[in-house]
Amino acid sequence: MIKLIIKFIFLISLLCSIIPTINAQGMRNITMHKFVPKGQWIVGSSISYSQSEQKDYNFLVIESVSGDGYTFKISPLLCYAFADNMAAGGRFGYKRSLTKINQMDLEIGEDLSFNLNDVYSLSHSYSGMAMFRNYISLGNSRRFALFAETQLTFEGGQSKFINGKGDDLTGTFSKKYSVELGVAPGLVAFINNYTAVEVNIGVLGLNYGHTRQVTDQIHIANQSSSSINFRINIFSIGMGIAFYL
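Letter 209 of the sequence shown, counting from 1, is numbered 209 in the UniProt record's numbering, and no numbers are missing.
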């Protein structure tokens with residue numbers, strides 16, 4: 001816990017160190033063009049759905065895969081520009097994922113093989129994010145701009161994993177929650193006067209999470225983890241449509 005507090009203080013200090021650079025722009029006579037005017041509302045959403053189905057599918061050492069699944073995710077956004085090129089707001093997210101594996105064989109060698117049958121996994125999670133954006137126009141362009149987004153995210157979810165059937169049935173139910181403070185730079189490109197495409201990627205983050213598992217309604221396990229990252233996270237790339245009103 002002490003290490004987590006130290007990491008948190010370090011990250012806050014780093015974020016605060018960014019603020020003087022904004023004031024230094026005036027000292028260097030850097031002209032910041034108005035890209036997002038004060039009083040503008042920013043609304044948008046990203047939504048995705050994927051579905052898969054396999055029947056006797058083979059790939060490398062994996063053979064005879066039969067199953068199906070889907071993943072659904074939605075994330076609406078609402079922000080308000082309280083000053084020129086500065087906006088604050090929030091984002092809500094929901095994700096649901098289902099995986100069924102009726103049969104799967106793993107052939108590593110002539111004398112080593114495994115099989116996995118009757119697997120069912122269902123999970124869903126909710127998240128809420130408070131965010132602050134600082135836009136940086138690219139020269140005199142009215143169509144393209146960069147932005148730095150500071151994010152504070154709270155997430156919670158549940159999942160269940162079932163394997164086998166009949167007397168061999170076993171299952172695990174999990175609950176988890178996490179909190180994360182991070183920075184995500186991005187790019188915004190306007191399609192017309194009101195519609196824009198936004199892309200961002202996480203490069204800095206402090207995360208704490210806790211998971212509680214109950215297996216077969218008997219065995220209870222708890223896991224806590226914390227991390228701090230200073231690298232590009234390709235799994236945190238976000239893309240969506242936003243409307244500037």
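Yeah, the Cβ is synthetic: ideal placement off N, Cα and C, and Gly gets one too.
Using DSSP with H/G/I as helix, E/B as strand and the rest coil, what is D84? Your numbering for residue 84 matches position 84 in the sequence shown. Per DSSP, reduced to three states, the secondary structure at D84 is coil, with no helix or strand assignment.
Decide if I42 is buried, meaning its Cβ has at least 16 other Cβ atoms within 10 Å, or exposed. On the sequence shown, position 42 is the one that residue 42 refers to. By the neighbour-count rule (16 or more Cβ atoms within 10 Å), I42 is buried.
DSSP on D216, reduced to helix/strand/coil? The sequence position of residue 216 within the sequence shown is 216, counting from 1. DSSP places D216 outside both helix and strand once states are collapsed to three, so it counts as coil.
Own chain, CB closer than 7 Å to F35, minus 5 neighbours either side, in chain order: Within the sequence shown, numbered from 1, the residue matching residue 35 stands at position 35. Cβ neighbours of F35 beyond the five flanking positions: N85, Y135, S137 and A145.
Helix, strand or coil for G186? Go by DSSP, reduced to three states. Residue numbering aside, residue 186 sits at position 186 when the sequence shown is read from its first letter. In this structure, G186 counts as strand in the three-state DSSP scheme.
Could you have a look at G164 and say whether DSSP puts it in helix, strand or coil? Counted from its first residue, the sequence shown places residue 164 at position 164. Here DSSP, grouped into helix, strand and coil, assigns G164 to coil.
Distance CB(F148)-CB(P185) smaller than 8 Å: For this step, residue 148 is matched to residue 148 along the sequence shown. For this step, residue 185 is matched to residue 185 along the sequence shown. In the sequence on display, residue 148 carries Ala and not Phe. Yes, they are a contact pair.
Quick one, are the C-beta atoms of G90 and H124 less than 8 Å apart? What you label residue 90 is simply residue 90 of the sequence shown in a count that begins at 1. What you label residue 124 is simply residue 124 of the sequence shown in a count that begins at 1. No, the pair does not count as a contact, with Cβ atoms beyond the cut-off.
Rank G139, S48 and D56 by C-alpha distance to the C-alpha of M239 and give the top, closest one. Mapped onto the sequence shown, residue 239 falls at position 239. Of the candidates G139, S48 and D56, the one whose C-alpha sits nearest the C-alpha of M239 is S48.
Rounded separation between T215 and I228 - CA only: Position 215 of the sequence shown holds residue 215. Position 228 of the sequence shown holds residue 228. Taking the straight line from one Cα to the other gives about 30 Å.
Should T153 and V179 be called a contact, given that it needs their Cβ atoms to be closer than 8 Å? Along the sequence shown, read from residue 1 onward, the residue named residue 153 stands at position 153. Along the sequence shown, read from residue 1 onward, the residue named residue 179 stands at position 179. It is a contact, given that the beta carbons lie within the stated cut-off.
Can you tell me where the beta strand (DSSP E) holding G238 begins and where it ends? Within the sequence shown, the letter at position 238 stands for residue 238. Note, G238: beta strand (DSSP E), G238 to Y244.
Where does Y94 sit, in a helix, a strand or coil, going by DSSP? Here residue 94 refers to the residue found at position 94 when the sequence shown is read from its first residue. The answer is strand: DSSP assigns Y94 an E or B state.
Which residues in the same chain as L245 place their Cβ atom closer than 8 Å to its Cβ, once the five residues preceding and following it in sequence are excluded? Within the sequence shown, the letter at position 245 stands for residue 245. Excluding its 5 nearest sequence neighbours in each direction, L245 has C-beta neighbours in its own chain below 8 Å: Q40, W41, I42, V43 and Y194, listed in chain order.
Alpha carbon of T172 to alpha carbon of G67, nearest angstrom: Taking the sequence shown and counting its residues from 1, one reaches residue 172 at position 172. Taking the sequence shown and counting its residues from 1, one reaches residue 67 at position 67. Looking at the two C-alpha atoms, the distance is approximately 20 Å.
Considering just the uninterrupted stretch of the beta strand (DSSP E) at I200, what are its terminal residues? Numbered from 1 along the sequence shown, position 200 holds the residue referred to as residue 200. Ile is not the amino acid found at residue 200; the sequence shown has Asn there. Looking at the DSSP string, the run of the beta strand (DSSP E) that includes N200 is T195 to N200.
Is it true that the CB of L77 sits closer than 8 Å to the CB of S45? Taking the first residue of the sequence shown as 1, we reach residue 45 at position 45. Taking the first residue of the sequence shown as 1, we reach residue 77 at position 77. A contact, by the Cβ cut-off of 8 Å.
Candidates A196, V183 and K175: which alpha carbon is nearest Q213's? Here residue 213 is taken as the residue at index 213 of the sequence shown, counted from 1. The option with the nearest alpha carbon to Q213 is K175.
Am I right that I191 and V197 are in contact with their C-beta atoms under 8 Å? What's the rounded C-beta distance? For the purposes of this step, residue 191 is taken as residue 191 along the sequence shown, with counting starting at 1. For the purposes of this step, residue 197 is taken as residue 197 along the sequence shown, with counting starting at 1. About 7 Å; that satisfies the 8 Å criterion.
From the DSSP secondary-structure annotation, give me the bridge partner or partners of F147. By 1-based counting over the sequence shown, the position of residue 147 is 147. DSSP lists Y135 and G186 as partners of F147.
For N117, the nearest candidate out of R133, N163, E107 and N140 (CA to CA): Taking the sequence shown and counting its residues from 1, one reaches residue 117 at position 117. Sorting R133, N163, E107 and N140 by C-alpha distance to the C-alpha of N117 places N163 at the top.
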